[in-house]
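Residue numbers (my numbering), protein chains in the order written: chain Z, 1 to 343; chain E, 1 to 334.
Just so you know, even glycine gets a beta-carbon here, dropped at the ideal spot from N, CA and C.
So the structure is just underneath, and the comments pick up after that.
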Amino acid sequence: MANQETQKLDNIIASRRAMLLGGGAALAALAVPSVAKAATTVSTYTDADILNFALNLEYLEANFYYEAAFGTNIFTSNSASTAAGAAVLGITGSGTQGSVTVKSNAQVPFADPRVKSYAIETANEEGKHVTFLRTALGSGAVAMPAINLTASFNTLANTAGIAPAFDPFASDANFLVGAYIFEDVGVTAYKGAAPLISTSSQGKTYLQAAAGILAVEAYHAGLIRTTINNLDPTGALGYIEMTRKVSALRAMLSKAVAPTSPAYPTTTYGDDVPLTPGTQTVSLAGGSAVTATTIADADQTNYIAFSRNTTQVLNIVTGGGAATTGTKATGLFFPSGLNGTFV
Amino acid sequence: MEYPTSISISAFTRRKFLAGAGTAAAATMIAGCSGGTLNLPSVSSFTDADVLNFALNLEYLEAEVYLRAATGSGLSSADAGSGAGTVTGGAKIAGLTAAQQNFLNEVAYAEQEHVRFLRSALGSAAVSRPTIDITAGFTGTVTAANSISNSSLPAIPTSFNPFGNFDSFMVAAEGLEDTGVTAYNGAAPLISPAGISAGYLASAAGILAVEAYHAGYLRSSLIGNAIVQGTTAYPYPLYANRIAALRQALSGATTETQLAGFQSSASTVANVQTGTVVPADTNAIAYARNTDQVLHIVYGTFSASGSSTTPSAGVSKGGFFPNGLNGNIKVTQS
């Protein structure tokens, strides 16, 4: 293909990267770094390192959904998990194995059968991702790090300007907002990682799997965003506003800008587009501008989903913990940090 | 850190993949502890531009379907390329709620922007829009789907019109979106190292994600409506499953997860079943389709003899594309 054509793509990518790594500001409630670490170069890690980074995130997601759907963690069965056919998952491996901090009997008191059905499905699928990655990595798999599902949500909600405390297991709607926090991040993390996977034969196999998991995360995210949109179509119930604040906080953590409260922009969204029922304006062929939903979390200029590098993802899941190069990122959902190379 | 050794590389080569061995999903199979064997060909059958143009053909189809459903008209001539083929069928859906209209606007815009993005990336190498027959594509799909013997699924009514109401449209569109996801998923490992450096893989992955977001809307809506109402009152997911069974037959391999989680009557919190919003394999990894499998689906290659199909080499047109796709990937090799 001609250089001119590849140059166009290079320019798009370069401009997006510049946007993502935009300048910082003063710090606030979370320990946000003033400048994000530069993206690590491709040559400095292996495919296994990338898969292990993903495994850390899958441990987090799987535990969240197991607790919400069944009221137990991924390595302990109970009657609800057994009834749903959810597997007991392995959590051993290299690094420091941790525990899951969560309120007692976290199972969501489901009122809507749809939300319950979705929760069980998603728990099962995230659990399978854990097993798949652990099997692929074999003896190279990292252990489940310490995971916090209580103070993490309180801190995040407080910083985002939602509420002083937030229990994602309290109701159908709270569960959906809690899930909203994770799935879009998974999409951007897998998308960011895909081009880093080696082009060896084995790497191609990993890439196929990573693309397939990326798709599943996006299906989940589409499901969550659709359900919240249907629950609160006009925003009158306040849940749309919560997603706007979550998205704004993620975007700020991602580019290492200090969060403010209320932390959401009204016109530009950085690398995170919240639910905006009927307020996004798009221009369709042959017609004037019309309003549109934002079911997909994607770049509004070309409708391609965002990428995040490992530092950006670390900053989100640890609340800006990746502040100093060479220092392990800790905080928020991972109070002791992640296991593996990308920490 | 060493490479893990527990993934066995199946006989997965780019040439074989593109030639339509029907075993694309086998690429991600985990089998024992044997190490991988390198089996990549030194020369690719198709270039990155061929693969992107293949995707562009599919985006033309999706854009025309969604734009017409949302507004009643299709792509602007500037977005269709010089000498673009005609488009038949599709109409603005009547009786939409504001939320439904906004969703259609979003997806129409997304598909339009995907067309523009791919055309821009390909530059002068971009193919123009091929001739598209939306009416024949959907009519043929419904007819073929109904010819498959399946006593557990009701026949799709002869009055079924994808543009007749929003629920019918979701049935038709769900198939297009899921096909798009599997097509991009199948194409991802075909992109060359140079193409990866140029950003093609990241872009393809980002488009794949958006297709899956939108497919997630459609599948969760179809399933959710049936959970609340029961399929006696809301049979649309069963129609979608009939069409999914056809795609499965045309693909010649397990590439579908039927919609589930609902019952004939309304579900309650006490008796609701696990859903299948996500179509994926036993590892919860989305399916991939090779180019032949995708071509057979959009060409509607189906000979209803014994309620089965035998996709074969040499199919060059049909269904949504009466004159075939434009570009180098247009004739099935298996």
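For Phe103 (chain E), the chain Z residues whose C-beta falls within less than 7 Å of its own C-beta are Thr293 and Ile295, listed in chain order.
For Pro237 (chain E), the number of other beta carbons within 10 angstroms of its own is at least 16, and it is reported as buried. Spanning the alpha carbons of Gly71 (chain Z) and Ser147 (chain E) requires a straight line of approximately 45 Å. Excluding sequence positions up to five before and after Leu208 (chain E), its CB lies within less than 7 Å of the CB of Val181, Tyr184 and Asn185, all in the same chain and listed in chain order.
Residue pairing by DSSP places Gln280 (chain Z) opposite Z:Ala292 in a beta bridge. Annotation: Ala111 (chain Z) to Val107 (chain E) spans about 31 Å, alpha carbon to alpha carbon. With respect to Ala69 (chain Z), Thr150 (chain Z) sits apart: the two C-beta atoms are not nearer than 9 Å. Per DSSP, the continuous alpha helix (DSSP H) segment holding Ile297 (chain E) begins and ends at Thr291 to Tyr299. For the segment 65-91 of chain E, the set of positions with a beta-carbon nearer than 8 Å to some beta-carbon of chain Z reads Leu67, Ala70, Thr71, Ser73, Gly74, Leu75, Ser76 and Asp79 in chain order.
Relative to the Cα of Val317 (chain Z), the nearest Cα in the group Z:Phe334, Z:Thr301 and Z:Thr327 belongs to Z:Phe334. Cβ-Cβ distances below 6 Å link Asn63 (chain Z) to Asn73, Ile74, Val100 and Ile147 in the same chain, with the five nearest sequence neighbours on each side left out; the list follows chain order.
For Gln273 (chain E), the closest Cβ of chain Z is nearer than 9 Å. The beta carbon of Ala187 (chain E) is closer than 6 Å to those of Val51 in its chain, skipping five residues each way along the sequence. Residue state for Asn309 (chain Z) is assigned as coil, using DSSP reduced to three classes. Residue contact check for Ile223 (chain E) against chain Z: a CB pair falls below 9 Å. Leu60 (chain Z): member of the alpha helix (DSSP H) spanning Asp47 to Phe70, first to last residue. Assigned with DSSP and collapsed to three states, Thr101 (chain Z) falls in strand. When Cβ-Cβ separations below 9 Å define contact, Ile132 (chain E) makes no contact with chain Z.
Distances from the alpha-carbon of Asn52 (chain Z) to those of Z:Ile240, Z:Ala84 and Z:Ile197 put Z:Ile197 closest. Around the beta carbon of Pro164 (chain Z), fewer than 16 other beta carbons lie within 10 angstroms, which makes this residue exposed.
If you check each beta-carbon in the segment 107-119 of chain E against every beta-carbon of chain Z, the ones closer than 7 Å belong to Ala108, Tyr109, Ala110, Gln112, Glu113, His114 and Phe117.
Between the alpha carbons of Ala157 (chain Z) and Leu249 (chain Z) lies a distance of about 10 Å. Asn185 (chain E) sits in a helix when the DSSP states are folded into three classes. Residues of chain E with a Cβ closer than 7 Å to the Cβ of Arg308 (chain Z) do not exist; the shortest Cβ-Cβ separation is about 11 Å. Legend: CB atoms of the segment 99-118 of chain Z lying less than 7 Å from CB atoms of chain E belong to residues Phe110, Ala111, Pro113, Arg114, Lys116, Ser117 and Tyr118. Using a Cβ distance threshold of 9 Å, Ala63 (chain E) and Lys92 (chain E) do not count as a contacting pair. When the five nearest sequence neighbours on each side are left out, the beta carbons in the same chain lying within less than 8 Å of the beta carbon of Gly230 (chain E) are those of Phe262, Gln263, Ser264, Ser265, Ala266 and Ser267, in order along the chain. The C-beta of Lys103 (chain Z) has fewer than 16 other C-beta atoms within 10 Å across all chains shown, which makes the residue exposed. Taking 9 Å as the cut-off, the Cβ atoms of Val277 (chain E) and Ile223 (chain E) count as close. A contact is defined here as three or more CB-CB pairs under 8 Å, and the segment 314-331 of chain E meets this definition with respect to the segment 135-147 of chain E. Tyr109 (chain E) and Arg289 (chain E) have their alpha carbons spaced roughly 25 Å apart.
Around the C-beta of Leu237 (chain Z), fewer than 16 other C-beta atoms lie within 10 Å, and the residue is accordingly described as exposed.
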